[in-house]
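Novice: Numbering (our numbering), first residue to last: 502 to 828.
For glycine and all other residues, C-beta sits at the position ideal for the given N, C-alpha and C.
These figures come from a predicted structure and were not determined experimentally.
Sharing a structure below in structure tokens format, with a few things to ask.
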Ligand code: GDP
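As structure tokens, this is what we get:
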């Protein structure tokens, strides 16, 4: 049995086999593994003076070019001297058991680079569980010296909000869409985005991409009025050709320094830690309610009554909580 101290030393020395074991530990739902994982996280959490890694979220619909962008961006960052970790939060994998994100075959050159580490999404558990594992994995990667963490997610359900709350800069990739097609972009994701990039701006699509970027930029101005601390730029790029990738990274760094100068960067990170704490409390309580004997015994009957209209949702919620309280 490897000890927590040995795990911590191995992680700090970036021994990949140890790192993989440590990540498996934080992903495990076994209570004894969870306890060890928390000890390990306390052991490797850096002091206040340690350098702070840059955490970047990347979202967009399947096919927009997230993997291709991560491959191009990752290689660019490594050429600048960074060490890059790629993690994924993939809500579909928690249902299907198969991860479509963070797939190493789609990031061929990055996957074999010793200065990169690609970890697919954990394939079991709730979105909350996956998010917890990903956050804790980020801490391990930072302890191993990775100074840029890229977190990929698809725009499904709550996953974007979840990832936006664990990174410093949240980026949104889209394709050239103008006019009515703009309506198809979820407003919620635009509100979360710190940097927007129109991908596949190559070949015959360069002009189209620029027009789309201008329109998106106007849409964003409505969300972030003049005088806002940060107004998200809308860039164009081609991940396959690599054009616009250095500019994408420059925008991430500008966002970071703007927040830092305003004292907002630290505040945001501290707030994320507090929010995370409460998220875990909520998840744990919900789990207790759902799995309690009382709730199990009334659940199907209450759900059926809500479906046939004989009980309102508010009354049904009261019934469920009463069953949990044992009344
Ligand atoms: P993801 O599902 O968002 O990760 O998208 P992928 O990175 O797998 O890309 C989906 C498809 O679009 C692949 O066939 C890529 O080669 C292609 N693609 C990605 N980026 C670009 C780009 O900048 N220009 C063009 N023309 N094709 C791209």
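Take the Cβ of residue 768 as the centre, count every other Cβ of all protein chains shown within 10 Å, and call the residue buried at 16 or more, exposed below.
Specialist: The residue given as residue 768 occupies position 267 in the chain shown. Here residue 768 is exposed, its C-beta having fewer than 16 other C-beta atoms within 10 Å.
Novice: Please report the distance separating the alpha-carbon of residue 672 from that of residue 812.
Specialist: Position 171 of the chain shown holds residue 672. Position 311 of the chain shown holds residue 812. About 43 Å.
Novice: Does the beta-carbon of residue 567, which I'm using as the reference point, lie nearer than 8 Å to any heavy atom of the ligand GDP?
Specialist: Numbered from its first residue, the chain shown carries residue 567 at position 66. Yes.
Novice: Answer yes if the stretch 580 to 589 comes into contact with the stretch 641 to 650, meaning at least three C-beta pairs across the two stretches below 8 Å, and no otherwise.
Specialist: yes
Novice: Could you give the residue range of the beta strand (DSSP E) that holds residue 556?
Specialist: Translated into positions along the chain shown, residue 556 becomes position 55. Counting along the chain, the beta strand (DSSP E) containing residue 556 begins and ends at 555 to 560.
Novice: Keeping to the same chain, check which residues put their C-beta closer than 6 Å to that of residue 520; ignore five residues upstream and five downstream.
Specialist: In the chain shown, the residue the question calls residue 520 occupies position 19. So the qualifying residues of the chain are 512, 645.
Novice: Is residue 808 near the ligand GDP, with its Cβ less than 8 Å from a heavy atom?
Specialist: Here residue 808 is taken as the residue at index 307 of the chain shown, counted from 1. Residue 808 Cβ: outside cutoff for every heavy atom of the ligand GDP.
Novice: Hey, how far is the Cα of residue 754 from the Cα of residue 725?
Specialist: Residue mapping note: residue 754 aligns to position 253 of the chain shown, counting from 1. Residue mapping note: residue 725 aligns to position 224 of the chain shown, counting from 1. For residue 754 and residue 725, the gap between their C-alpha atoms comes out near 19 Å.
Novice: Buried or exposed for residue 563, please, with buried defined as at least 16 other CB atoms from any protein chain shown within 10 angstroms of its CB.
Specialist: As a working mapping, residue 563 is identified with position 62 in the chain shown. Under this definition residue 563 is an exposed residue.
Novice: What three-state label does DSSP hand residue 668 in the structure shown?
Specialist: Within the chain shown, residue 668 is the residue found at index 167, counting from 1. In the structure shown, residue 668 sits in coil (DSSP, three-state: anything other than H, G, I, E or B).
Novice: Might you give, ordered along the chain, the residues of its own chain that have their beta carbon closer than 6 Å to the beta carbon of residue 766, omitting 5 neighbours on each side?
Specialist: To locate residue 766, count along the chain shown from 1; it is residue 265. The answer, listed in chain order, is 760.
Novice: Please say whether residue 570 and residue 746 have beta carbons closer to each other than 9 Å?
Specialist: The count along the chain shown starts at 1 and reaches residue 746 at position 245. The count along the chain shown starts at 1 and reaches residue 570 at position 69. Against a cut-off of 9 Å, the Cβ pair of residue 570 and residue 746 comes out as a contact.
Novice: Within the same chain, show all residues whose beta-carbon is closer than 7 Å to that of residue 663, passing over the 5 residues directly before and after it, in chain order.
Specialist: Position 162 of the chain shown, counted from the first residue, corresponds to residue 663. Closer than 7 Å at Cβ, skipping near neighbours: 590, 628, 632.
Novice: To the nearest angstrom, how far is it from the Cα of residue 826 to the Cα of residue 794?
Specialist: Position 325 of the chain shown, counted from the first residue, corresponds to residue 826. Position 293 of the chain shown, counted from the first residue, corresponds to residue 794. One C-alpha to the other measures close to 10 Å.
Novice: Return the first residue and the last residue of the alpha helix (DSSP H) that residue 800 is part of.
Specialist: What you label residue 800 is simply residue 299 of the chain shown in a count that begins at 1. 794 to 808 is the extent of the alpha helix (DSSP H) around residue 800.
Novice: Can you look up residue 660 in the DSSP assignment and give me helix, strand or coil?
Specialist: Mapped onto the chain shown, residue 660 falls at position 159. In the structure shown, residue 660 sits in a helix (DSSP, three-state: H, G or I).
Novice: Just mark residue 675 as buried or exposed, buried being the case when its beta carbon has 16 or more other beta carbons within 10 Å.
Specialist: On the chain shown, position 174 is the one that residue 675 refers to. Burial call: buried.
Novice: Take every Cβ of the stretch 535 to 549, pair it with every Cβ of the stretch 606 to 619, and state whether three or more of those distances are shorter than 8 Å.
Specialist: no
Novice: Please report whether the beta-carbon of residue 557 lies at a distance below 9 Å from any beta-carbon of chain C.
Specialist: Going by chain labels, chain C is absent from the structure shown, which holds only one protein chain.
Novice: Across the stretch 553 to 563 and the stretch 523 to 542, are there enough close Cβ pairs to call them in contact, namely three or more that are closer than 8 Å?
Specialist: no
Novice: My assumption, with CB atoms under 8 Å, is that residue 522 sits in contact with residue 503. Please give the rounded CB distance.
Specialist: Position 21 of the chain shown, counted from the start, is the residue given in the question as residue 522. Position 2 of the chain shown, counted from the start, is the residue given in the question as residue 503. Yes, residue 522 and residue 503 are in contact; Cβ-Cβ is about 7 Å, under 8 Å.
Novice: Classify residue 661: buried if its beta carbon has 16 or more other beta carbons within 10 angstroms, exposed otherwise.
Specialist: The sequence position of residue 661 within the chain shown is 160, counting from 1. It is buried - the Cβ of residue 661 has at least 16 other Cβ atoms within 10 Å.
Novice: What residue from 741, 697, 715, 721 has the CA that sits closest to residue 704's CA?
Specialist: What you label residue 704 is simply residue 203 of the chain shown in a count that begins at 1. Ranking the options by Cα distance to residue 704, first place goes to 741.
Novice: Quick check: does the Cβ of residue 654 come within less than 8 Å of any heavy atom belonging to the ligand GDP?
Specialist: As a working mapping, residue 654 is identified with position 153 in the chain shown. Not under cutoff, so the answer is no.
Novice: Can you check DSSP and say which residues form a bridge with residue 674?
Specialist: In the chain shown, counting from the first residue as 1, residue 674 sits at position 173. 698, per the DSSP bridge assignment.
Novice: Do residue 744 and residue 714 have their beta-carbon atoms positioned less than 9 Å apart in this structure?
Specialist: On the chain shown, position 213 is the one that residue 714 refers to. On the chain shown, position 243 is the one that residue 744 refers to. For residue 714 and residue 744, no; Cβs fall outside 9 Å.
Novice: Take residue 542 as the anchor and find which of 555, 654, 634, 618 has the nearest alpha-carbon.
Specialist: Residue mapping note: residue 542 aligns to position 41 of the chain shown, counting from 1. Nearest of 555, 654, 634, 618 to residue 542, Cα basis: 634.
Novice: Using the beta-carbon count (16 or more within 10 Å), is residue 622 buried or exposed?
Specialist: Translated into positions along the chain shown, residue 622 becomes position 121. So residue 622 counts as buried.
Novice: Could you spell out the range, first to last residue, of the alpha helix (DSSP H) harbouring residue 844?
Specialist: Residue numbering for the chain in the displayed model covers 502 to 828; residue 844 lies beyond these limits and cannot be assessed.
Novice: With a threshold of 6 Å on Cβ separation, who are the neighbours of residue 515 within its own chain once the five nearest residues in sequence on each side are excluded?
Specialist: By 1-based counting over the chain shown, the position of residue 515 is 14. Contacts found: 645, 646.
Novice: What does the alpha-carbon distance come out to for the pair residue 783 and residue 773?
Specialist: To locate residue 783, count along the chain shown from 1; it is residue 282. To locate residue 773, count along the chain shown from 1; it is residue 272. In a straight line, the C-alpha of residue 783 is about 15 Å away from that of residue 773.
Novice: The ligand GDP heavy atoms versus the CB of residue 740: any closer than 8 Å?
Specialist: Working through the chain shown from its first residue, we reach residue 740 at position 239. Yes, the ligand GDP has a heavy atom inside 8 Å of this Cβ.
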